[in-house]
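The structure appears below as structure tokens.
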Amino acid sequence: LGEHLPLYRGQVVEHLFISSGNFGAGIKRALAYQRLISDALSAELVINEAHCYLTNGVRPVFDEKVNRHFSECFMSGVLRFFKFVTEGRFSPTFIDFNFSDGASDDEYFRVYGCPELARYDLVGEVRRAIGSTLESGETTLETVAGQLNITPRRLRTQLSEANTSFQQILSDYRCRLAKKLLANTNESVERIVYLTGFSEPSTFYRAFKRWTNETPVEYRKRKQLANNH
1 LGEHLPLYRG
11 QVVEHLFISS
21 GNFGAGIKRA
31 LAYQRLISDA
41 LSAELVINEA
51 HCYLTNGVRP
61 VFDEKVNRHF
71 SECFMSGVLR
81 FFKFVTEGRF
91 SPTFIDFNFS
101 DGASDDEYFR
111 VYGCPELARY
121 DLVGEVRRAI
131 GSTLESGETT
141 LETVAGQLNI
151 TPRRLRTQLS
161 EANTSFQQIL
171 SDYRCRLAKK
181 LLANTNESVE
191 RIVYLTGFSE
201 PSTFYRAFKR
211 WTNETPVEYR
221 KRKQLANNH
């Protein structure tokens with residue numbers, strides 16, 4: 001569908017883009033008025049030292065197929081318009097989709113002309129969601145699913161298909177974080193209990209012993225001795 005969208009329809013947003021002094025200014029002006037096109041759009045321009053990229057721009061929905069089709073259509077339309085206003089000079093270097101299933105890589109390359117295309121890394125997204133909620137003590141399957149805009153049941157199923165589970169990812173995340181804090185910081189064990197999302201020190205001690213066959217104090221001493229040599 002995105003391949004058949006009109007390149008220029010004389011809309012206000014398109015006029016603002018084309019009348020801007022340069023490409024970057026055009027993007028910023030268009031984004032400021034994107035809701036004139038659709039309330040479903042929420043794209044953002046992100047610029048940092050390493051990259052400059054445009055976010056998906058389509059608000060996620062619980063229906064994965066609808067999310068995929070909206071994303072593909074939006075991206076196709078945007079890229080065709082960018083090529084149009086730059087007389088074919090614009091070419092994306094990387095596209096990262098927020099879904100796992102879709103067309104073949106060859107078909108995506110034909111449509112988008114992009115050599116690097118990433119698929120949705122569900123486990124990575126779950127880890128990031130865990131990291132953002134851990135200190136609050138509200139890191140559950142339900143809260144993480146809510147952050148990812150999918151149902152808990154769907155998240156559980158997708159993780160099972162990836163040969164893992166929410167509890168496994170949570171346990172691995174806590175283990176790595178606890179090891180890092182014990183080995184590389186002077187944070188007290190009581191503080192680390194809180195930072196890793198445990199409600200009781202005794203629960204943390206039992207979990208750490210299960211992970212490493214050492215107590216937190218033993219692990220810290222061993223790492224500190226190794227770092228001093």
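Going by this note's numbering, 180 is the number at position 180 of the sequence shown; the sequence numbering is gapless. Using N, Cα and C, we set each Cβ at its ideal position, and we do this for glycine too.
Could you work out which residue in the options is closest to residue i when comparing CA atoms only?
i	options	result
residue 17	86, 125, 139, 140	86
residue 123	161, 225, 73	161
residue 92	223, 228, 109, 104	109
residue 171	149, 106, 140	140
residue 12	95, 33, 40, 107	33
residue 29	53, 20, 55	20
residue 39	45, 46, 31	31
residue 230	143, 149, 226, 220	The structure shown does not extend to residue 230, since the chain spans only 1 to 229, so no value can be given for it.
residue 55	80, 73, 96, 76	96
residue 152	135, 174, 126, 136	126
residue 206	228, 226, 174, 222	174
residue 103	121, 79, 82, 68	68
Can you grab the Cα-Cα spacing for the pair residue i / residue j, in whole Å?
i	j	result
residue 15	residue 23	13 Å
residue 89	residue 113	12 Å
residue 70	residue 138	31 Å
residue 253	residue 179	Outside the displayed span of the chain (1 to 229) sits residue 253, for which this structure offers no information.
residue 133	residue 84	43 Å
residue 224	residue 204	20 Å
residue 227	residue 135	28 Å
residue 148	residue 41	17 Å
residue 131	residue 74	30 Å
residue 47	residue 53	7 Å
residue 209	residue 143	27 Å
Taking all protein chains shown into account, decide if residue i is buried (16 or more other Cβ within 10 angstroms of its Cβ) or exposed.
i	result
residue 145	buried
residue 94	exposed
residue 176	exposed
residue 26	buried
residue 129	buried
residue 44	exposed
Inter-stretch contact at 8 Å, needing at least 3 Cβ pairs: the segment 178 to 193 / the segment 212 to 219: Using a C-beta cut-off of 8 Å, the segment 178 to 193 makes contact with the segment 212 to 219, since at least three inter-stretch Cβ pairs fall below that distance.
Segments of 3+ residues assigned as beta strand (DSSP E) that fall wholly inside the segment 63 to 146: For secondary structure counted as the beta strand (DSSP E) over 3 or more consecutive residues, the segment 63 to 146 holds no complete run.
Contact the segment 157 to 167 vs the segment 196 to 208: 3+ CB pairs below 8 Å: No: the two stretches stay apart, fewer than three of their Cβ pairs being nearer than 8 Å.
Stretch pair the segment 176 to 190 + the segment 152 to 162: three plus CB contacts closer than 8 Å: Put simply, the segment 176 to 190 does not touch the segment 152 to 162. Fewer than three CB pairs are less than 8 Å apart.
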